[in-house]
Amino acid sequence: MGPMFSYEFMQHALVAAILGGLGCGIIGVWVVMLRIPFIGVAMSHAAFAGAIVALLVGLNPLMLALAAAIVAAAVIGPLSDRVKLDVNLSMGMVFSMLVGVAFLGIGLMKGPKTEALNLLWGNILTLAPNDLLLLAIATGVVLIFTALFYRQLRAIIFNRIIARVSGIPDKVLFYSTLLIAGATITLNLKTIGGLLIFSLIINPPLAAYQLTYSLVRMLLLSALFGVTSCLVGLWLSYVFDLPTGAVIILTSGLILIVCNILSPKRRDMHQ
Amino acid sequence: MNLRANSNQQKRKPAILLEDVSLVHRGSPILKDITLKVDIPECVTIIGHNGAGKTTLLKLICGLIRPTRGKVQILGKSLEGKTTLLQRRLAFLPQDVNIDPRMPISVEEVVEIGRFGKAWFARKSPDDIRVIERAMEVTGIVDLRRKPFGLLSAGQKQRVALARALAQDASIMLLDEPLSNLDPQAQEDICKAIDRIYESQRVTILLVTHLIEKIPQSCSTMLRMEKGRIVGEIKPSSYTYRSPTESGATPEPDHLR
Ligand SMILES: Nc1ncnc2c1ncn2[C@@H]1O[C@H](COP(=O)(O)OP(=O)(O)OP(=O)(O)O)[C@@H](O)[C@H]1O
Ligand SMILES: [Mg+2]
Numbered sequence: 011m012g013p014m015f016s017y018e019f020m021q022h023a024l025v026a027a028i029l030g031g032l033g034c035g036i037i038g039v040w041v042v043m044l045r046i047p048f049i050g051v052a053m054s055h056a057a058f059a060g061a062i063v064a065l066l067v068g069l070n071p072l073m074l075a076l077a078a079a080i081v082a083a084a085v086i087g088p089l090s091d092r093v094k095l096d097v098n099l100s101m102g103m104v105f106s107m108l109v110g111v112a113f114l115g116i117g118l119m120k121g122p123k124t125e126a127l128n129l130l131w132g133n134i135l136t137l138a139p140n141d142l143l144l145l146a147i148a149t150g151v152v153l154i155f156t157a158l159f160y161r162q163l164r165a166i167i168f169n170r171i172i173a174r175v176s177g178i179p180d181k182v183l184f185y186s187t188l189l190i191a192g193a194t195i196t197l198n199l200k201t202i203g204g205l206l207i208f209s210l211i212i213n214p215p216l217a218a219y220q221l222t223y224s225l226v227r228m229l230l231l232s233a234l235f236g237v238t239s240c241l242v243g244l245w246l247s248y249v250f251d252l253p254t255g256a257v258i259i260l261t262s263g264l265i266l267i268v269c270n271i272l273s274p275k276r277r278d279m280h281q
Numbered sequence: 029m030n031l032r033a034n035s036n037q038q039k040r041k042p043a044i045l046l047e048d049v050s051l052v053h054r055g056s057p058i059l060k061d062i063t064l065k066v067d068i069p070e071c072v073t074i075i076g077h078n079g080a081g082k083t084t085l086l087k088l089i090c091g092l093i094r095p096t097r098g099k100v101q102i103l104g105k106s107l108e109g110k111t112t113l114l115q116r117r118l119a120f121l122p123q124d125v126n127i128d129p130r131m132p133i134s135v136e137e138v139v140e141i142g143r144f145g146k147a148w149f150a151r152k153s154p155d156d157i158r159v160i161e162r163a164m165e166v167t168g169i170v171d172l173r174r175k176p177f178g179l180l181s182a183g184q185k186q187r188v189a190l191a192r193a194l195a196q197d198a199s200i201m202l203l204d205e206p207l208s209n210l211d212p213q214a215q216e217d218i219c220k221a222i223d224r225i226y227e228s229q230r231v232t233i234l235l236v237t238h239l240i241e242k243i244p245q246s247c248s249t250m251l252r253m254e255k256g257r258i259v260g261e262i263k264p265s266s267y268t269y270r271s272p273t274e275s276g277a278t279p280e281p282d283h284l285r
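Listed in order, the protein sequences are those of chains A and B.
Position one of the first sequence corresponds to residue 11 (my numbering), numbered consecutively onward.
Position one of the second sequence corresponds to residue 29 (my numbering), numbered consecutively onward.
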């Protein structure tokens, strides 16, 4: 991989791949284990739609994307809290509205739509140092949050009611997780792309989940799978000149398939 | 109920106090005019048919649901508002919880959950470790500590759930059918364990059960619920029927089962 990283944009891409894979891999564990992947879907599409609308009306895409992700979480979070939420229904409503808005926005844009298409596909090769700094902050927040509240989060994913009656403030932690997930998604939008980022949140933890009964190991494996997906994706896309986001997601999907086949849990009796 | 003479003002506050508590859910009454006072320490058993409202009553006491009418006080304080603070002083053993069998968590880690409400990012103190070990010993799960929780048998899971509640080291314990799924020997063991905890720590225990022949000895009062009401109070030692508070019903012993 030597000469590949002699370019500055490739060095940036390498840093972004590691940070993105790490952040998504770790926050993804909480999103998956809290059984709220649909909120992750909604947030990533909201962020995407928000960014497109911002480009259309000339606002800061990052800000509007973050705001949209938070609004999505704020709307769907309490609904899911009341347990009654029909996941398919809300997915249908939220997904179609948001993707519709995003593509409508792209359609309405005049001139070259490079920036919008970058948000759609992701373009890891056009990142500025500023983007990297924000990405580093997001990933740092994910790591610190996980380190501080690891035990409480573990209790909540085991069972929210049991955590609550043990005196753990489950609501605060639940909403904090959503907020951090929203920020992580938004800041990885440019790298991975609005339609693909969600898979990077979900695939690595699901793959790790197949392999272990230990949450620490699951976190480590998920981080490893997230970073591996991003690095392999970056490398393959460089060598074969393919869209990076797509290759990253395909890699993470491939890891998920392999882990599912190798899963020792399949041999335990769960019926 | 059990009025113990106690000079200490503080201790005269009841652990649990319910006054005219009713709960209506979508138009149908689930609890009706419940008045209940449980002292510190006291062990009270609640019996009654399926659907009588026993679980709902416990959930209401630990603040998981709010009453439609009436007053609920824990240790002299209303449950409104600062629920989490009070919840740390209450250990609730839910009747049934569905846990994903592939959940990445070990038996010991489940028991530890009882300790982590206390401080936000606390590590385990020697005190925590001592309480966790004792809870696992009492419930006989020390050998299972490293096993994934999801792979346990129903009875083993029940023991772990009880150990989690014990690990909270709370002053009030709400136990919803702690003996379900347990074999006869384990039922005896857990009853004795409850007695030991009661004797050594002077905790208040509210216990729901269907096994009236397996009631901890420390239990001084047995309440019977029927269709959302408390309809009778029985001395468990004799199984003789004490005068019912209001109801005219006179249940015979086999109705208790
Ligand atoms: N979440 C709920 N929504 C609506 N009704 C409920 C709910 N939970 C319980 N009920 C109703 O409240 C009544 C009391 O239920 P509860 O679970 O308190 O009974 P129980 O005495 O604990 O019974 P069991 O011995 O079977 O555990 C029942 O009629 C039940 O149908
Ligand atoms: Mg019940």
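C-beta: ideal position from N, C-alpha, C; glycine also.
Checklist entry - Closest to A:V109 by CA distance: which of A:P88, A:V151 and A:I62 is it? => result Locating residue 109 of chain A in the first sequence gives position 99, counting from the first residue. Answer by Cα proximity: A:I62.
Item to check | CA nearest to the CA of B:Q245, picked from B:V259, B:I225, B:E254 and B:M253 | outcome: For the purposes of this step, residue 245 of chain B is taken as the residue at position 217 of the second sequence. Closest option to B:Q245, Cα to Cα, is B:I225.
Checklist entry - Is there contact here, the region 75 to 84 of chain A with the region 182 to 199 of chain A, by at least three beta-carbon pairs under 8 Å? => result These segments touch.
Checklist entry - In chain A, which residues lie with their C-beta within 7 Å of the C-beta of B:I133? => result What you label residue 133 of chain B is simply residue 105 of the second sequence in a count that begins at 1. Neighbours of B:I133 on chain A, chain order: R164, F168 and L225.
Checklist entry - Got a sec: is the Cβ-Cβ distance from A:R174 to anything in chain B below 9 Å? => result Here residue 174 of chain A corresponds to residue number 164 of the first sequence, with the count starting at 1. Output row for A:R174: interface = yes.
Item to check | Exposed unless 16 or more other CB atoms sit within 10 angstroms - verdict on A:L143 | outcome: As a working note, residue 143 of chain A is residue 133 in the first sequence. Flag for A:L143 reads exposed.
Item to check | Short CB-CB distance (under 9 Å) between B:Q27 and chain A | outcome: Residue 27 of chain B cannot be examined here, being either before or after the span of chain B that is shown, 29 to 285.
Item to check | Identity of the residues DSSP links to B:S134 by a beta bridge | outcome: One-based indexing of the second sequence puts residue 134 of chain B at position 106. DSSP, once it has assigned bridges, lists B:P176 as partnering B:S134.
Checklist entry - Apart from the five residues on each side of it in sequence, which residues of its chain come closer than 8 Å, Cβ to Cβ, to A:A157? => result Within the first sequence, numbered from 1, the residue matching residue 157 of chain A stands at position 147. Cβ within range, chain order: n/a, list empty.
Checklist entry - Can you name the residues of chain A whose CB is closer than 7 Å to the CB of B:Q321? => result Absent from the model: residue 321 of chain B. The displayed extent of chain B is 29 to 285, so no value can be given.
Checklist entry - To the nearest whole angstrom, what separates the beta carbons of B:S199 and B:E70, a pair I think is in contact under 8 Å? => result Translated into positions along the second sequence, residue 199 of chain B becomes position 171. Translated into positions along the second sequence, residue 70 of chain B becomes position 42. At roughly 12 Å, the Cβ-Cβ gap does not stay under 8 Å, so B:S199 and B:E70 are not in contact.
Next on the checklist: Using the Cβ count rule (16 or more neighbours within 10 Å means buried), how would you classify A:K120?
Outcome noted: For the purposes of this step, residue 120 of chain A is taken as residue 110 along the first sequence, with counting starting at 1. A:K120 should be labelled exposed.
Next on the checklist: Determine, for A:T3, whether the minimum Cβ-Cβ distance to residues of chain B falls below 9 Å.
Outcome noted: Only positions 11 to 281 of chain A appear in this structure, which leaves residue 3 of chain A out of reach.
Item to check | Contacts that B:V125 makes with chain A (C-beta to C-beta distance below 8 Å) | outcome: Numbered from 1 along the second sequence, position 97 holds the residue referred to as residue 125 of chain B. Those are N169, I171 and I172, listed as they occur along chain A.
Next on the checklist: Tell me which residues share the same chain as B:D156 and place their Cβ nearer than 7 Å to its Cβ, disregarding the 5 neighbours each side in the sequence.
Outcome noted: The residue given as residue 156 of chain B occupies position 128 in the second sequence. Around B:D156: R143.
Checklist entry - Hey, A:S186 and A:F155 are a contact pair by Cβ (cut 8 Å); roughly how many whole angstroms apart? => result The residue you call residue 186 of chain A lines up with position 176 of the first sequence. The residue you call residue 155 of chain A lines up with position 145 of the first sequence. Your pair A:S186 and A:F155 checks out as a contact, with CB atoms roughly 7 Å apart and the cut at 8 Å.
Item to check | Contacting residues, own chain, Cβ-Cβ under 8 Å from A:I166 (five flanking each side not counted) | outcome: Translated into the one-based positions of the first sequence, residue 166 of chain A becomes position 156. Cβ neighbours of A:I166 beyond the five flanking positions: L44, A173, I178, D180, L183 and F184.
Item to check | Distance, A:S247 Cα to A:T254 Cα | outcome: Along the first sequence, read from residue 1 onward, the residue named residue 254 of chain A stands at position 244. Along the first sequence, read from residue 1 onward, the residue named residue 247 of chain A stands at position 237. Rounded to the nearest angstrom, the two C-alpha atoms are 5 Å apart.
Next on the checklist: Among A:F15, A:A84, A:M14 and A:M20, whose alpha-carbon lies nearest the alpha-carbon of A:T201?
Outcome noted: In the first sequence, counting from the first residue as 1, residue 201 of chain A sits at position 191. Of the candidates A:F15, A:A84, A:M14 and A:M20, the one whose C-alpha sits nearest the C-alpha of A:T201 is A:M20.
Next on the checklist: Quick check: B:L46 and B:G81, are their CB atoms within less than 9 Å of each other?
Outcome noted: Working through the second sequence from its first residue, we reach residue 46 of chain B at position 18. Working through the second sequence from its first residue, we reach residue 81 of chain B at position 53. Result no, Cβ atoms of B:L46 and B:G81 do not sit closer than 9 Å.
Checklist entry - Where does B:E140 fall in DSSP's three states? => result Residue mapping note: residue 140 of chain B aligns to position 112 of the second sequence, counting from 1. If DSSP states are grouped into helix, strand and coil, B:E140 belongs with the helices.
Next on the checklist: Measuring only the C-alpha atoms, how far is B:V135 from A:P139?
Outcome noted: Residue mapping note: residue 135 of chain B aligns to position 107 of the second sequence, counting from 1. Residue mapping note: residue 139 of chain A aligns to position 129 of the first sequence, counting from 1. Each residue's alpha carbon lies about 46 Å from the other.
Next on the checklist: Please determine whether the Cβ atom of B:Q196 lies at a distance below 8 Å from any heavy atom of ligand 2.
Outcome noted: Here residue 196 of chain B corresponds to residue number 168 of the second sequence, with the count starting at 1. Outside the cutoff, so no.
Checklist entry - Hey, which residues come within less than 5 Å of ligand 1, measuring from Cβ to any heavy atom, in chain order? => result B:H53, B:I58, B:N78, B:G79, B:A80, B:G81, B:K82, B:T83 and B:T84
Checklist entry - Helix or strand or just coil, what does DSSP make of A:D180? => result Translated into positions along the first sequence, residue 180 of chain A becomes position 170. Three-state result, A:D180: helix.
Item to check | the region 151 to 181 of chain B: positions lying closer than 7 Å to chain A by Cβ | outcome: P176 and L179
Checklist entry - In the DSSP assignment, what are the bridge partners of B:H77? => result Here residue 77 of chain B corresponds to residue number 49 of the second sequence, with the count starting at 1. Note: B:H77 sits in no beta bridge, so no partner.
Next on the checklist: Is A:D141 close to ligand 2? I mean its beta-carbon at under 8 Å from any heavy atom of the ligand.
Outcome noted: Taking the first sequence and counting its residues from 1, one reaches residue 141 of chain A at position 131. Not under cutoff, so the answer is no.
Item to check | Cutoff 6 Å; reference B:A193; Cβ partners in own chain excluding five residues on either side | outcome: As a position in the second sequence, residue 193 of chain B is number 165, starting the count at 1. Once the five neighbours on either side are set aside, the close Cβ partners of B:A193 are A119 and L121.
Checklist entry - What three-state label does DSSP hand B:H283 in the structure shown? => result By one-based count along the second sequence, residue 283 of chain B stands at place 255. At B:H283, the pLDDT of 44 sits below 50, so the modelled position is not reliable; the number obtained from the coordinates is stated separately. B:H283 falls in the helix class under three-state DSSP.
Checklist entry - Applying the criterion that 16 or more other CB atoms from any shown protein chain within 10 Å of the CB defines a buried residue, is A:R170 buried or exposed? => result Counted from its first residue, the first sequence places residue 170 of chain A at position 160. With 16 or more other Cβ atoms within 10 Å, it is buried.
Checklist entry - What is the rounded straight-line gap between the Cα of A:T222 and the Cα of A:A146? => result Here residue 222 of chain A refers to the residue found at position 212 when the first sequence is read from its first residue. Here residue 146 of chain A refers to the residue found at position 136 when the first sequence is read from its first residue. Their backbone Cα atoms lie some 28 Å apart in a straight line.
Checklist entry - Does A:R161 have its Cβ less than 9 Å from a Cβ in chain C? => result This model lacks chain C altogether, as its protein chains are A and B.
Next on the checklist: Residues of chain B with CB closer than 8 Å to the CB of A:Y219, please, in chain order.
Outcome noted: Mapped onto the first sequence, residue 219 of chain A falls at position 209. What A:Y219 touches in chain B: R130 and P132.
Checklist entry - When DSSP labels each residue in this structure, what does A:E18 get in the three-state scheme? => result As a working mapping, residue 18 of chain A is identified with position 8 in the first sequence. If DSSP states are grouped into helix, strand and coil, A:E18 belongs with the helices.
Checklist entry - Near A:L66, which residues of its chain fall below 8 Å by C-beta distance, leaving aside the five closest residues on each side in sequence? => result Here residue 66 of chain A refers to the residue found at position 56 when the first sequence is read from its first residue. Hits under 8 Å: G115, L118 and M119.
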